[in-house]
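Everything below concerns the one structure shown next.
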Amino acid sequence: SGGGVGRGMAGGCRLLLLLALGRAAAPPGGMLYPRESPSRERKELGGLWSFRADFSPGRDAGFVQRWYRQPLRQTGPVIDMPVPASFNDITQDPNLENYIGWVWYEKEVLLPLRWLQDDLNTRVVLRFGSAHYYSIVWVNGVQVVEHEGGHLPFEADISSIVQGSPGIPCRITVALNNTLTPHTLPPGSIQYMNDKTRYPKNYFVQNIRFDFFNYAGIHRPVVLYTTPSVYIDDITVTTTSSKSVAMVQYQVSVVGSTLYSLSLSLRDQEGKVVATGDGPAGELKVLKPNLWWPYLMHENPGYRYSLEVKMQAQVNGALLEDMYTLPVGIRTVHVTSTRFLINGRPFYFHGVNKHEDADIRGKGLDWPLVVKDFNLLRWLGANSFRTSHYPYAEEIMDLCDAYGIVVIDECPGVGIKMPESFGNKSLQHHLLVMEELIRRDKNRPSVVMWSVANEPASELPPAANYFKTVIAHTKALDPSRPVTFVTDANYALDRGAPYVDVICVNSYFSWYHDPGHLEVIPLQLTTQFENWYKTYEKPIIQSEYGADSVPGLHSDPPLMFSEEYQKAMLREYHSVFDKKRKEYVIGELIWNFADFMTNQGTTRVLGNKKGIFTRQRQPKSAAFVLRERYWKIANESHCLPPIIKSHTLFL
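With mature numbering (1 follows the signal peptide of the UniProt record, and there is no 0) as the guide, the letters of the sequence shown map in order to residues -24 to -1, 1 to 627.
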């Protein structure tokens, strides 16, 4: 963890943000990913948007002057801004790189005529995959939605605003604020520098307690989509299985009418119907099921069925139909005192921690980068990753489902260090975030465990009730998955650990502790594992370990920051893992998959260099060490099918 600054001049920024924060709440209902079907259309709004940062002293000119009431270009100078992308690295303006406060986006679009005719019972919805951090959205000058949180989707029904005005452009305006406070998730604090001999008037910094750059912008796709006025709002699926039969339990909610019928068909990958059902809740019986298996545990990993849900309703004498198809993976998860079981078989996490981070686009979703990362994961022999330290894009999660990459799904609870961040205001927001996350990802077979935080100050007294409450809430929302949080606290002082199902521990022996002394790793790591297991008798994942290495920097004997030191540290850790995975250690996740940007600081040379790949996704020496290990583990566990074994050298 670390701290950092975001520079600015902001007299009223603090007041304006606090007026806004706290108003947004997750609407009841579902958040199905917008998929096209015979009853649904989708229009992508990616590309160039108009953009303007509010550099006024109070960051409040946009609200005082009501920029949303007119085209943004009429309010003052605007620039082109790509969506999805972070705005920080797009221009040559250093003031935008570290900007804190309100920025404004705008896009004008023409909607198809068939969407705009009232008598067709069509509903038009505007959806954002995510925008960091706090968003207010207007359509044609009318506010339609407000949302707190930078990593989860939100949407608004805009039918009443756009219908009845065919041929008139639909103007979408977004005000976005990236300020973090003690009660946001992740938390932060604004510090005003009042020494007028050293700082300009109203100078402030954004302090954070996490070690990655606080990129901001519209980071994920923005779409318009349609449904009928009576529509399938949400689907929840859980599965159980044995060797010969599986049961798929479902619940479907419909909004817009109480008079409707539902029919369901489950199809295999060849399109054959294997089970049918009807009604809003029930159970589908699948004979000889194809289970969803992780990568390297089966010759056909990531097997998914298609659940076709069809609704019919009568509205004013007209028959309305809505269809939605949900991918479904049949798999079970179970945790014992020493093992993590998927479909009844022991699963060992050999994977990575990642970040949504790359040159220029920051945290913006980028398909070439996403596909490259999955190819590197499979080349590496990685079967899993944690979404450190926030939920990742739905498009990334779709590929995890499809490729069999197992996911520990983490909320943005990183940097919870200040005592005030454990109060009731923070707790209520944290519970809401877990509701939004589970609502989004509950049906994903790749998601096997929820993580409610990373490296919180869990030794503080209020952490006990805080994590007891968050974990109980998470389990109530989803009883089918284990829950954890990732700790770096002392085993004897951690007040949240009693409530988790799996112990996830971060440690950096010979790096942050005893730097340069590789020889201390075996004793310290062994002691760490034995203390945690003796205290809690729960399976343990080494959820972070690693060392910075500057690519091309070499030293023998190994010295810190050289590629050789990173390799040597990994091998010391691995020797202990190999002993303890025969007992109760169920996984190892390297920190990190790739180098990533952080705030500037005296220990960060253009970001964190703990990646086994560079930020440009080129391998360091450590990548080959890890690749050899991961493929060896997969072979030893007898989960590699012959066809994969024979091609290991060429993957």
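Note that CB positions come from ideal geometry on N, CA and C, so glycine has one too. Owing to the predicted nature of the structure, the values given are computational and were not obtained by experimental measurement.
Note on R547: under 16 other CB atoms within 10 angstroms of its CB, so exposed under the neighbour-count rule. In this structure, the beta-carbon distance from R42 to S26 does not fall below 9 Å.
Here the C-alpha atom of L8 lies approximately 31 Å from the C-alpha atom of G164. Counting C-beta pairs closer than 8 Å gives fewer than three between the stretch 152 to 168 and the stretch 549 to 558, which falls short of the contact rule.
Three or more Cβ pairs closer than 8 Å define a contact, and the stretch 401 to 410 meets that threshold against the stretch 422 to 442.
If the five residues before and after V424 are omitted, its C-beta is found closer than 6 Å to the C-beta atoms of V309, V382, all from its own chain and listed in chain order. Around the beta-carbon of G305, 16 or more other beta-carbon atoms lie within 10 Å, marking it buried.
In the DSSP annotation of this structure, the continuous segment of the alpha helix (DSSP H) that includes M373 starts and ends at 370 to 379. The three-state secondary structure of Q50, taken from DSSP, is helix. Residue pairing from DSSP places H123 in a beta bridge opposite S111. Per DSSP, the continuous alpha helix (DSSP H) segment holding Y442 begins and ends at 439 to 453. Around S313, the same chain offers E513 as residues with beta carbons nearer than 6 Å, after the five sequence neighbours per side are excluded.
Three or more beta-carbon pairs drawn from the stretch 56 to 68 and the stretch 176 to 194 are found closer than 8 Å, and the two stretches are therefore classed as touching. Here the stretch 465 to 482 makes no contact with the stretch 529 to 545; the two share fewer than three CB pairs at distances below 8 Å. Per the DSSP secondary-structure output, K83 pairs in a beta bridge with I148. Around the Cβ of V581, a 10 Å sphere holds fewer than 16 other Cβ atoms; the residue is exposed.
In the structure shown, S551 adopts helical secondary structure according to DSSP, grouped into three states. Residue range 400 to 417 is occupied by the alpha helix (DSSP H) that includes M410. The stretch 279 to 290 and the stretch 203 to 213 touch, with no fewer than 3 CB-CB distances between them shorter than 8 Å. Classified as exposed, S218 has fewer than 16 neighbouring CB atoms from the shown chains inside 10 Å of its CB. By a beta-carbon distance limit of 8 Å, E539 contacts S525. Their separation comes to about 5 Å.
In chain order, G5, G6, S229, V231 place their CB closer than 6 Å to the CB of D209, counting only its own chain and leaving out the 5 sequence neighbours on each side. Rounded to whole angstroms, the gap between the alpha carbons of S427 and T590 is 26 Å. Under DSSP, H331 takes part in no beta bridge, so it has no partner. Cβ contact annotation for N430 (same chain, cutoff 6 Å, sequence separation greater than five): H365, V390, V462, in chain order.
By the CB criterion at 9 Å, L341 and P197 fall inside the cutoff. Excluding its 5 nearest sequence neighbours in each direction, K585 has C-beta neighbours in its own chain below 7 Å: D524, S525, V526, D571, listed in chain order. Judged by DSSP secondary structure, D349 falls outside any beta strand (DSSP E) and instead within the alpha helix (DSSP H) spanning 343 to 356.
Apart from sequence neighbours up to five positions away, the residues of its chain that approach R99 with a beta-carbon distance below 7 Å are D133, S135, T202, T203, P204, S205, Y207, ordered along the chain. In terms of Cα proximity to P270, the closest of D454, G253, P437, H326 is H326.
By the Cβ neighbour-count rule, A452 is exposed, with fewer than 16 other Cβ atoms within 10 Å of its own. Per DSSP, N507 is one residue of the alpha helix (DSSP H) stretching across 497 to 512. Pairing K348 with E370, the inter-Cα distance amounts to about 17 Å.
Per DSSP, the continuous beta strand (DSSP E) segment holding K19 begins and ends at 18 to 20. DSSP lists H489 as the bridge partner or partners of F485.
Nearest to Y324 by C-alpha distance, out of E564, T173, P498, P256, is E564.
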